[in-house]
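J.: Quick one: the structure is below, questions incoming.
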Amino acid sequence: MSANQKNYYDILGVAKDASLADIKKAYRKLVRQYHPDISKDPDADQKTSEINLAYNTLKDAEKRAEYDEMLANPFGRAGSAHGGAGAGGFDPGQGFGQYYHFDSRHFGDGQPFGSGDFRFDDIFSAFGHAGAGRQQRQAGPVPGEDQHAELSIDIAAAYAGSERSLSLDMPTLTADGQMAYERKTLQVKIPKGISEGQQIRLRGQGLPGFNGGEHGDLYLKIRFRESDALYVKNRKDVYQRINVMPWVAALGGKTAVDTPAGRLSINIPANSRSGQNLRLKGKGIPAKEAGDLYLIINIALPEIQSEADRAAWQQLAEHYGVKG
């Protein structure tokens, strides 16, 4: 390593005595910043690879200890421990340099990953097979590691179920044990009634094994895409804000509302107030035990667009004893 070459701690922007929690925090911040789908930096791909490589080394206690030893004694024999440069020095392309690239550009409906539909946990963090070099030297088959990520879906998808296409470059091993990448399109079925935090398992879509070992699995943890007007509590109870005209709130009556459960006819009680909840039992996420749907009343005032509108509001004010 040359005097002006950044070490892994410099790349992540952490101190050499940083805790694992600090390393993970720094990594997540950087990988979001330089994600190729959202970064405008022309070197985003290269920087992301460097960040991944640094993280995969420092998050593993054994590999970090070996790396620290190499930093302390760059001209020692640390490289030979990894099948690297031997006594002449440490070759960062060997041992520590084994990581996988997840270059997925689109997920379902042509939306980029940068839109927030898909968040990498272990997956973009690493496609780094901890101790891959050591595992290759073990006798017998070694299974590949499982990988984990989060997938955002519309709340409506949990009501009816859905299917998405996931295109990505998956790591694979050639017959001679070299790393290669294969473009795959995976069909992800989102079952009806899936709740927040549930995982979808894609068997055999994790990291490749060694010596004939099976591939690991890919786990997609579901989170709902929410807004101030539509969100989920307790994993399956849905809350939706609805606009109600003042006269409907005052007098009560039926009104039609579009909800994730479909278009429903709702009875608005007389003298309803903004912020009041209307509970529709069993109309939440249709899990094994269905959640409830809570409609949050928001009294929407119509705009004054004419003198007739102004006169009507003035008459209302006078009726309730409010002077203009």
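Take any residue in the sequence shown, count from 1 to its spot, add 700: that is its number in my numbering. Quick reminder that beta carbons are idealized off the backbone N, C-alpha and C, glycines included.
What residues in its chain sit with their C-beta under 7 angstroms from that of ILE711, if we drop five residues either side in the sequence?
T.: As a working mapping, residue 711 is identified with position 11 in the sequence shown. Counting only Cβ-Cβ distances below 7 angstroms, and skipping sequence neighbours, we find GLU750, ILE751 and ALA754.
J.: Could you tell me whether the region 905-922 touches the region 932-943, using the rule of 3 or more Cβ pairs below 8 angstroms?
T.: no
J.: Which residue spans inside the region 967-1018 form an unbroken beta strand (DSSP E) run of at least 3?
T.: For the region 967-1018, whole beta strand (DSSP E) runs of length 3 or above, ordered along the chain, are 977-980 and 993-999.
J.: Give me the DSSP bridge partner(s) of VAL842.
T.: Mapped onto the sequence shown, residue 842 falls at position 142. Paired residues: PHE910.
J.: What did DSSP end up calling THR748 once you bin it into helix, strand or coil?
T.: The sequence position of residue 748 within the sequence shown is 48, counting from 1. Residue state, collapsed to three classes: helix.
J.: Using the rule of at least 16 other Cβ atoms within 10 Å of the residue's Cβ for burial, across every protein chain shown, is THR885 buried or exposed?
T.: As a working note, residue 885 is residue 185 in the sequence shown. Per the 10 Å Cβ criterion, exposed.
J.: In this structure, what does DSSP give as the bridge partners for ASN943?
T.: Here the question's residue 943 lines up with position 243 in the sequence shown. ASN998, per the DSSP bridge assignment.
J.: So what's LYS724 in DSSP terms, helix, strand or just coil?
T.: Within the sequence shown, residue 724 is the residue found at index 24, counting from 1. The answer is helix: DSSP assigns LYS724 an H, G or I state.
J.: Is GLN683 helix, strand or coil when you go by DSSP?
T.: Absent from the structure is residue 683, since the part of the chain shown begins at 701 and ends at 1024.
J.: When you compare the CB positions of ILE996 and TYR931, do they come within less than 8 angstroms of one another, or not?
T.: Numbered from 1 along the sequence shown, position 296 holds the residue referred to as residue 996. Numbered from 1 along the sequence shown, position 231 holds the residue referred to as residue 931. The answer is no: Cβ separation not under 8 angstroms.
J.: For the candidate residues GLU882, GLY906, TYR859 and GLU1018, whose alpha-carbon lies nearest to that of ASP937?
T.: By 1-based counting over the sequence shown, the position of residue 937 is 237. Checked all of GLU882, GLY906, TYR859 and GLU1018; the closest Cα to ASP937 is TYR859.
J.: Tell me, please, whether the CB atom of GLY916 is closer than 8 angstroms to any CB atom in chain D?
T.: No chain D is part of this structure, which consists of one protein chain only.
J.: Around the Cβ of GLY906, are there at least 16 other Cβ atoms within 10 angstroms (buried) or fewer (exposed)?
T.: In the sequence shown, residue 906 corresponds to position 206, counting from 1. Counting Cβ neighbours within 10 Å, GLY906 comes out buried, since at least 16 surround it.
J.: Can the beta-carbon of ASP846 be found closer than 8 angstroms to that of GLY904?
T.: Position 146 of the sequence shown holds residue 846. Position 204 of the sequence shown holds residue 904. No, they are not a contact pair.
J.: Leaving aside the five residues before and after ALA929 along the sequence, list all residues of the same chain whose C-beta is less than 8 angstroms from its C-beta, in chain order.
T.: Translated into positions along the sequence shown, residue 929 becomes position 229. Only GLN940 and ARG941 meet the Cβ criterion.
J.: Please state if the CB of LYS763 and the CB of ILE720 are separated by a distance shorter than 8 angstroms.
T.: Indexing the sequence shown from 1 puts residue 720 at position 20. Indexing the sequence shown from 1 puts residue 763 at position 63. In the sequence as displayed, the identity of residue 720 is Leu instead of Ile. Not in contact: LEU720 and LYS763 (Cβ atoms no closer than 8 angstroms).
J.: How many Å lie between ARG864 and LEU980 at the Cα?
T.: On the sequence shown, residue 864 is found 164 positions in, with the first residue counted as 1. On the sequence shown, residue 980 is found 280 positions in, with the first residue counted as 1. Straight-line Cα distance between these residues: approximately 30 angstroms.
J.: On the DSSP letters alone, give me the boundaries of the beta strand (DSSP E) that ILE922 sits inside.
T.: Position 222 of the sequence shown, counting from 1, holds the residue named residue 922. Per DSSP, ILE922 belongs to the beta strand (DSSP E) from 918-925.
J.: Would you say LYS954 and SER965 are within 8 angstroms of each other, going by their C-beta atoms?
T.: Here residue 954 corresponds to residue number 254 of the sequence shown, with the count starting at 1. Here residue 965 corresponds to residue number 265 of the sequence shown, with the count starting at 1. Cβ distance < 8 angstroms, so LYS954 and SER965 count as in contact.
J.: Hey, would you say the C-beta of SER927 is under 7 angstroms away from at least one heavy atom of the ligand NAP?
T.: Annotation note on the ligand NAP: not contained in the displayed structure, which lists no ligands.
J.: Label TYR1020 either buried or exposed according to how many other C-beta atoms from any shown protein chain fall within 10 Å of its C-beta, with 16 as the threshold for buried.
T.: Locating residue 1020 in the sequence shown gives position 320, counting from the first residue. That one is exposed.
J.: Out of GLY912, GLU914, ALA875 and SER852, point me to the one whose CA is closest to GLN899's CA.
T.: Reading the sequence shown from its first residue, position 199 is the one you call residue 899. That would be SER852, whose Cα lies nearest to the Cα of GLN899.
J.: For a quick check, are the C-beta atoms of THR748 and TYR734 less than 8 angstroms apart?
T.: Residue mapping note: residue 748 aligns to position 48 of the sequence shown, counting from 1. Residue mapping note: residue 734 aligns to position 34 of the sequence shown, counting from 1. In this structure, TYR734 lies closer than 8 angstroms to THR748 by Cβ.
J.: Are the Cβ atoms of GLY893 and PRO986 separated by less than 8 angstroms?
T.: Your numbering for residue 893 matches position 193 in the sequence shown. Your numbering for residue 986 matches position 286 in the sequence shown. Against a cut-off of 8 angstroms, the Cβ pair of PRO986 and GLY893 comes out as a contact.
J.: Output the distance between the C-alpha atoms of GLY962 and ILE999, rounded to the nearest integer angstrom.
T.: Position 262 of the sequence shown, counting from 1, holds the residue named residue 962. Position 299 of the sequence shown, counting from 1, holds the residue named residue 999. Their Cα atoms are separated by approximately 22 angstroms.
J.: Which whole-angstrom value is the C-beta distance of SER855 and PRO960, which I expect to be below 8 angstroms?
T.: Numbered from 1 along the sequence shown, position 155 holds the residue referred to as residue 855. Numbered from 1 along the sequence shown, position 260 holds the residue referred to as residue 960. At residue 855 the sequence reads Ile, which differs from the Ser that was named. Indeed they touch by this definition, with Cβ atoms about 5 angstroms apart.
J.: Report the rounded CA-to-CA distance for VAL714 versus LYS740, giving the unit in angstroms.
T.: Mapped onto the sequence shown, residue 714 falls at position 14. Mapped onto the sequence shown, residue 740 falls at position 40. Approximately 24 angstroms, taken between the alpha carbons.
J.: Would you please state the rounded distance, in angstroms, between the beta carbons of SER862 and ILE890? I believe it to be under 8 angstroms.
T.: On the sequence shown, residue 862 is found 162 positions in, with the first residue counted as 1. On the sequence shown, residue 890 is found 190 positions in, with the first residue counted as 1. Contact between SER862 and ILE890 is confirmed by a C-beta separation of about 4 angstroms, below the 8 angstroms threshold.
J.: Can you grab the Cα-Cα spacing for the pair ASP958 / ASP717, in whole Å?
T.: Position 258 of the sequence shown, counted from the start, is the residue given in the question as residue 958. Position 17 of the sequence shown, counted from the start, is the residue given in the question as residue 717. Going by the C-alpha atoms only, they are around 55 angstroms apart.
J.: Below 8 angstroms between beta carbons: does that hold for GLY991 and PRO969?
T.: Against the sequence shown, residue 991 aligns to sequence position 291. Against the sequence shown, residue 969 aligns to sequence position 269. The answer is no: Cβ separation not under 8 angstroms.
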